[in-house]
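Chemist: In terms of this note's numbering, the sequence shown is residues 736 to 1171.
For glycine and all other residues, C-beta sits at the position ideal for the given N, C-alpha and C.
Shown below is the structure under consideration.
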Amino acid sequence: PGVLFTNVKGSKLPALINLCASYERLALSIDTSVKTMVPEYAKREANAIPPVEVDRRHAPVKEVVWTGNQIDLERLPTLWHNELDSGYYVDAGVALLKDPDSGKVNAGIYRHEVQNNRELGFMSNPAHHGSYVLRRMRELGKPMEIAIAIGHHPAFLMAAVSQLAGIGGELEACGGLLGEPLEVVRAESVDLMVPAHAEIVIEGVIDTDPKAMRQEGPFGEYPRYYTGVGPMPFVKITAITMRRDAIYQTVFNAHIEHTCLGALPRMGSLYRRVREVVPSVTMVNLPVSGMGRAHAYISLKKARDGEPKQVAFAAFTVDPLIKHVFVVDDDVDVFDDVDVLWCMCTRFQADRDLAIIPYALGSHLTPNTYDIDRNERVADRHKKVMETKMILDLTKPAPPTPFPPRCGVPDQMVAQANLDALRDYRGLGEVLKDRV
């Protein structure tokens, strides 16, 4: 369940956690159901709507402004989630960064350790666009401006996690998910537009000099392990703005909320972009058993042998966090682990249907990734970003090659069944009590 803490030690602000901890709530946020959430998300994401600027008088996030000596991160109810975390983190903030070449704004959820009351860490996966913008600003010898928006409609958070092509597009995708433009307003101290209806916005500047780094971590991450300690750039806070009655939102990292919030946007993006390559794809799931990232179950109406590999390579291109792709026929429920693994038993032969791809780009947050020398114990975690990916073709041979049909009760008999009566049935005990 979602939980609102109203008496947080050290802060006057309430803290909200687990808002995004179920697919039912995430589906509700885009006016759909769990069964239809993936194609609905993909459709809305594709129907991008640009943000619109509003006057600060109509921006609730400008009701309270802290600058100069007023800035104090310790007044925010940042939480310590897992036992061995190195400290308190801003972990549900959507970071806004501007690409210096295109001028486009990237939005992403990164992790920000509270260094002191005026400084935050900045940790982004090397494969993510946030790291690309940081590297580019470092090449130019310039500092990087950042704004971190905390607390908004779930569509805003999901759009920030979407796997869009190229830099930028997340704010437009958010408009598509909402069905209306995201309202934005000019930041106080940096050259960025921020969500006008956010609960809180933290503004700051990152020194991109490699010598200007701080130790960061460990922290409980999506693979449900702690990541190691390493040097990271940090954000010097220049302003904090918020609603007068702001609610601080956090994500329960390394737990189910972390999985769900990351999974649905990825599923929607994956469904849309893989279907652009192979239109016969019928459904996509990034199951909880794969942390909503590492495993991809993809079904398709197979017409030709070879299509499953085409599907898998497209998936790896869309999302580098995917490690294993399971391709199944369209008679398989990709939201049922048992159904998928049954196919592995009955339609898969490893010597024929398994493809292994070493030295592929992965995530440095996974504990067993490796560097170019196949070393899993390298100290610099930004060099330890490769992994071995796997394609499992669990499909039947393409037509016209025969294959036995699945067993099943006739559809007409299922249609005639009184399911309501079955739901009210009290068990065999009532029927058999006089026969014992």
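So, with DSSP's three-state summary, where would you put Trp-801?
Modeler: Strand at Trp-801.
Chemist: If I measure Cβ to Cβ from Asp-834 and keep anything under 6 Å in the same chain, skipping five residues before and after, which residues do I get?
Modeler: So the list reads Val-868, Ile-902, once near-sequence residues are dropped.
Chemist: Report the CB separation of Gly-910 from Leu-899 in whole angstroms; it is logged as a contact under 8 Å.
Modeler: So it is not a contact: roughly 13 Å between Cβ atoms.
Chemist: What residue from Val-787, Leu-748, Met-1002, Gly-828 has the CA that sits closest to Glu-907's CA?
Modeler: Looking at the Cα atoms, Val-787 is the closest of the given residues.
Chemist: Leaving out the 5 sequence neighbours to the left and right, which residues in its chain are closer than 6 Å to Tyr-960 when beta-carbon positions are compared?
Modeler: Here the set comprises Pro-1102.
Chemist: In this structure, how does DSSP classify Phe-1048 when only helix, strand and coil are distinguished?
Modeler: Helix.
Chemist: For the beta strand (DSSP E) holding Leu-809, just list the boundary residues, first then last.
Modeler: Here residue 809 turns out to be Glu, not Leu, going by the sequence shown. Looking at the DSSP string, Glu-809 is not in any beta strand (DSSP E), and its letter there is neither H nor E.
Chemist: Measuring alpha carbon to alpha carbon, tell me which residue in Gly-1041, Ala-989, Lys-778 is nearest Gly-955.
Modeler: Of the listed residues, the one whose Cα sits closest to Gly-955 is Ala-989.
Chemist: Please state the DSSP three-state secondary structure of Val-986.
Modeler: If DSSP states are grouped into helix, strand and coil, Val-986 belongs with coil.
Chemist: Does the structure place the region 1088–1100 close enough to the region 1124–1131 that three or more beta carbon pairs sit under 8 Å?
Modeler: Yes, since at least three Cβ pairs between the region 1124–1131 and the region 1088–1100 fall closer than 8 Å, the two stretches touch.
Chemist: Give me the Cα-Cα distance between Ile-1183 and Trp-801, rounded to the nearest whole angstrom.
Modeler: Since the first residue shown for the chain is 736 and the last is 1171, residue 1183 is missing from the structure and cannot be characterised.
Chemist: Taking the continuous alpha helix (DSSP H) assigned at His-864, which residues delimit it?
Modeler: Counting along the chain, the alpha helix (DSSP H) containing His-864 begins and ends at 864–875.
Chemist: Measuring straight from C-alpha to C-alpha, what distance separates Gly-843 and Arg-1087?
Modeler: For Gly-843 and Arg-1087, the distance between alpha carbons rounds to 39 Å.
Chemist: Counting Cβ pairs closer than 8 Å, one from the region 875–893 and one from the region 922–929, do we hit at least three?
Modeler: Yes: the two stretches touch, three or more of their Cβ pairs being nearer than 8 Å.
Chemist: For Ile-1126, which beta-bridge partners are listed by DSSP?
Modeler: Per DSSP, Val-1060, Ala-1090.
Chemist: Nearest by alpha-carbon distance to Leu-1035: which of Arg-1007, Ala-1156, Asp-1065 is it?
Modeler: Of the listed residues, the one whose Cα sits closest to Leu-1035 is Asp-1065.
Chemist: Let me know if Gln-984 comes out buried or exposed under the rule of 16 or more other beta-carbons within 10 Å of its beta-carbon.
Modeler: Gln-984 is buried by the Cβ-count criterion.
Chemist: Given Pro-785, which residues of its chain have a CB within under 7 Å of its CB, disregarding the five upstream and five downstream residues?
Modeler: Same-chain partners within the cutoff: Glu-907, Gly-910, Pro-916.
Chemist: DSSP three-state label for Phe-891, please.
Modeler: Phe-891 falls in the helix class under three-state DSSP.
Chemist: With distances taken between CB atoms, is the gap from Asn-941 to Ala-974 smaller than 9 Å?
Modeler: Correcting the residue identity first, residue 941 is Ile in this sequence and not Asn. In this structure, Ala-974 does not lie closer than 9 Å to Ile-941 by Cβ.
Chemist: Thinking C-beta only, is Ala-777 closer than 9 Å to Ser-1098?
Modeler: Against a cut-off of 9 Å, the Cβ pair of Ala-777 and Ser-1098 comes out as no contact.
Chemist: Who does His-830 pair with in a DSSP beta bridge?
Modeler: Residue identity differs from the one stated: residue 830 is Ala in this sequence, not His. Answer by DSSP bridge pairing, in chain order: Gly-843, Ile-883.
Chemist: Rounded to the nearest angstrom, what separates Ile-765 and Leu-913 at their Cα positions?
Modeler: Roughly 7 Å between the two C-alpha positions.
Chemist: Residues in its own chain within less than 8 Å of Ala-1038 by CB, not counting five upstream and five downstream?
Modeler: Excluding sequence neighbours, Ala-1038 sits near Ser-1015, Ala-1133, Pro-1134.
Chemist: Please report the distance separating the alpha-carbon of Thr-1130 from that of Ser-768.
Modeler: About 28 Å.
Chemist: Going by DSSP, what residues sit across from Thr-976 in a beta bridge?
Modeler: DSSP output for Thr-976 lists Val-800, Val-936 as bridge partner(s).
Chemist: Give every residue of the same chain whose Cβ lies closer than 6 Å to the Cβ of Met-1002, excluding the five residues on either side of it in the sequence, and list them in chain order.
Modeler: For Met-1002, where only same-chain residues beyond five positions count, the Cβ hits under 6 Å are Val-773, Val-1019, Leu-1021.
Chemist: From which residue to which residue does the alpha helix (DSSP H) around Ser-1004 run?
Modeler: Taken as a continuous stretch (DSSP letters only), the alpha helix (DSSP H) holding Ser-1004 covers 991–1012.
Chemist: Using 8 Å for Cβ pairs, my map puts Met-1026 next to Pro-958. What's the rounded Cβ distance?
Modeler: Confirmed, about 6 Å.
Chemist: How far does the alpha helix (DSSP H) with Tyr-776 in it reach, from first residue to last?
Modeler: Here the alpha helix (DSSP H) through Tyr-776 covers 772–781.
Chemist: Once you ignore the five residues that flank Phe-1083 on each side, which residues in its own chain have a CB closer than 6 Å to its CB?
Modeler: Closer than 6 Å at Cβ, skipping near neighbours: Leu-1129.
Chemist: Residue range of the alpha helix (DSSP H) that Tyr-696 falls in?
Modeler: Past the boundaries of the shown model lies residue 696; the chain is included only from 736 to 1171, so the question cannot be answered.
Chemist: Just to confirm, are Leu-811 and Glu-854 a CB contact at a threshold of 9 Å?
Modeler: In this structure, Glu-854 does not lie closer than 9 Å to Leu-811 by Cβ.
Chemist: If Pro-953 sits next to Thr-962, beta carbons under 8 Å apart, how far is it from one beta carbon to the other, in whole angstroms?
Modeler: Confirmed, about 6 Å.
Chemist: Can you give the beta carbon distance from Ala-894 to Pro-1000, rounded, assuming they're within the 8 Å contact cut?
Modeler: Contact flag correct, Cβ pair sits at about 7 Å.
Chemist: What are the start and end residues of the beta strand (DSSP E) that includes Met-1148?
Modeler: Here Met-1148 belongs to no beta strand (DSSP E); instead the alpha helix (DSSP H) covers 1146–1151.
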